[in-house]
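Engineer:
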Amino acid sequence: MSSSSFNCYKILELDKETATINDIKKAYRRLALKYHPDKQPTDATEEEKKKANEAFQRMGKAYAVLSDPKRKERYDRTGSMDESEFEGEKDWTAYFKELWDGVVSAETIEAQAQKYRGSEEEKKDVLEAYKRHKGSMDDILQVIECSVAEDGMRFEKMIREAIEHNQVPTFKKFEKTTTAKAHEKRIKDESKQRADFDKQAGEDMDSLARAIQKRNKDRQNKMESIISSIEVKEKAKSGKKRGHDQVDPDMPTDEEFARIQEQMMKRSKKNTQ
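Quick note: the sequence shown, position 19, residue 19 per full-length UniProt numbering, numbers continuous.
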């Protein structure tokens, strides 16, 4: 994509004439939650993941331009950005991750959600999304910051009050996507997605635990094998003396034997304390 066709405001769904720095941060935060690679559903296809990753990188570039006063001034004046800034040796993947961690983290999400939920700002955004998406509650929930499926019923009440006061028009999609069945389906689907994500995370942790257990078991078996060899050597010393020329390739060297014996003595002291 050339710099001339890269519309930073369009990518972040902003109005160039009215967007403030807070609007820019808010837009990035909302879209990052939607498109960040780590936030994609567990059943997403490779193609969907690829598109989400590309969208996330485009948003990162747009935010990098609009959140920097000098870059923004140049972009607003020329309508293009300096692509060379996004080339070269800089690790932009790491930059976008750093940007994500800095602008959007567990703490900032929770703080923003507490401040935003039930506010006049949220109501304004819901009504604007309602008009933009012709009443589709599915789409409204997709674009409203920090929203979950359960918020659908709260948003429905908010919108119906606005309709009664002639603040917004009526849409067929609204009636179709706010039935009890539609609300229930969204909640169930979201719950399933969370369960799938938790299951995947649990399986990853189980795999790690098994790997650690196997490694510990292998170490234990190796130690027991060495101890058995030492016991055999001790018995051989107390019995028939072996010839000086005889060497058992499975036995530890004198240095290894001394080191292992020292470790065994330390363990013995710990067990008796």
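All C-beta atoms, glycine included, are put in the ideal place defined by N, C-alpha and C. None of these values were measured; they are calculated from a predicted model.
#1: In whole angstroms, what separates the C-alpha of D68 from that of E164?
#2: Would you kindly work out how many angstroms separate the C-alpha atoms of R30 and M81, rounded to a whole number?
#3: When you compare only the Cα positions, how much space is there between D43 and F174?
#4: What are the complete alpha helix (DSSP H) segments, minimum 4 residues, inside the segment 22-54?
#5: Between N166, P169, K176, V168, which lies nearest to G152 when the distance is taken from Cα to Cα?
#6: Taking the alpha-carbon of K70 as reference, which of I144, K172, A113, I21 has the nearest alpha-carbon?
#7: So, are the CB atoms of A149 and I140 less than 8 Å apart?
#8: Give every residue of the same chain whose Cβ lies closer than 8 Å to the Cβ of V126, excluding the five residues on either side of it in the sequence, and list them in chain order.
#9: Rounded to the nearest angstrom, how far is the Cβ of A52 from that of L12, given a contact under 8 Å?
#10: Can you tell which of E47, Y35, K49 has the C-alpha that lies nearest to the C-alpha of residue 300?
#11: Given A113, which residues of its chain have a CB within under 6 Å of its CB, disregarding the five upstream and five downstream residues?
#12: From residue 292 to K188, what does the alpha carbon distance come to, in whole angstroms?
#13: DSSP three-state label for C146, please.
#14: Using the beta-carbon count (16 or more within 10 Å), is R186 buried or exposed?
#15: Are the CB atoms of C8 and Y116 within a distance shorter than 8 Å?
#16: From this set, F171, Q167, S136, which residue's C-alpha is nearest H183's C-alpha?
#17: Where does Q112 fall in DSSP's three states?
#18: May I have the straight-line CA-CA distance separating T78 from K72, to the nearest angstrom?
#19: G60: which of T45, Y28, K49, K50 sits nearest, CA to CA?
#20: Secondary structure at D76, three-state DSSP: helix, strand or coil?
#21: Would you tell me roughly how many angstroms separate the C-alpha atoms of T45 and N166, rounded to the nearest one?
#22: Given K134, which residues of its chain have a CB within under 7 Å of its CB, disregarding the five upstream and five downstream residues?
Structural biologist: Working from what's here:
#1: Here residue 68 refers to the residue found at position 68 of the sequence shown. Here residue 164 refers to the residue found at position 164 of the sequence shown. Going by the C-alpha atoms only, they are around 43 Å apart.
#2: Here the question's residue 30 lines up with position 30 in the sequence shown. Here the question's residue 81 lines up with position 81 in the sequence shown. When the Cα atoms are used, R30 and M81 turn out to be separated by approximately 23 Å.
#3: Position 43 of the sequence shown, counting from 1, holds the residue named residue 43. Position 174 of the sequence shown, counting from 1, holds the residue named residue 174. Here the alpha carbons of F174 and D43 stand approximately 28 Å from one another.
#4: You should have found no qualifying run.
#5: If you number the sequence shown from 1, residue 152 lands on position 152. When each option's Cα is compared against that of G152, the closest is K176.
#6: Position 70 of the sequence shown, counted from the start, is the residue given in the question as residue 70. Closest option to K70, Cα to Cα, is I21.
#7: Within the sequence shown, the letter at position 149 stands for residue 149. Within the sequence shown, the letter at position 140 stands for residue 140. Contact flag unset, no.
#8: Position 126 of the sequence shown, counted from the first residue, corresponds to residue 126. Around V126: I140, I144, F155, M158, I159.
#9: Numbered from 1 along the sequence shown, position 52 holds the residue referred to as residue 52. Numbered from 1 along the sequence shown, position 12 holds the residue referred to as residue 12. Rounded, the Cβ-Cβ distance is 16 Å, inconsistent with contact.
#10: In this structure the chain extends from 1 to 273, so residue 300 is not present and cannot be described.
#11: The residue given as residue 113 occupies position 113 in the sequence shown. Excluding residues within five positions, the ones whose Cβ falls inside 6 Å are C146.
#12: Outside the displayed range of the chain (1 to 273) lies residue 292, so it cannot be described from this structure.
#13: If you number the sequence shown from 1, residue 146 lands on position 146. Secondary structure of C146 (DSSP, three-state): coil.
#14: In the sequence shown, counting from the first residue as 1, residue 186 sits at position 186. It counts as buried.
#15: Taking the sequence shown and counting its residues from 1, the one referred to as residue 116 is at position 116. Taking the sequence shown and counting its residues from 1, the one referred to as residue 8 is at position 8. Cβ distance not < 8 Å, so Y116 and C8 don't count as in contact.
#16: Position 183 of the sequence shown, counted from the start, is the residue given in the question as residue 183. Nearest of F171, Q167, S136 to H183, Cα basis: S136.
#17: Working through the sequence shown from its first residue, we reach residue 112 at position 112. Helix.
#18: Here residue 78 is taken as the residue at index 78 of the sequence shown, counted from 1. Here residue 72 is taken as the residue at index 72 of the sequence shown, counted from 1. Rounded to whole angstroms, T78 to K72 spans 10 Å at the Cα level.
#19: Against the sequence shown, residue 60 aligns to sequence position 60. If we check each option's Cα against that of G60, Y28 comes out closest.
#20: Indexing the sequence shown from 1 puts residue 76 at position 76. Three-state DSSP puts D76 in a helix.
#21: As a first step, residue 45 must be located in the sequence shown, where it is residue number 45. As a first step, residue 166 must be located in the sequence shown, where it is residue number 166. Annotation: T45 to N166 spans about 42 Å, alpha carbon to alpha carbon.
#22: In the sequence shown, residue 134 corresponds to position 134, counting from 1. Same-chain partners within the cutoff: F171, K173.
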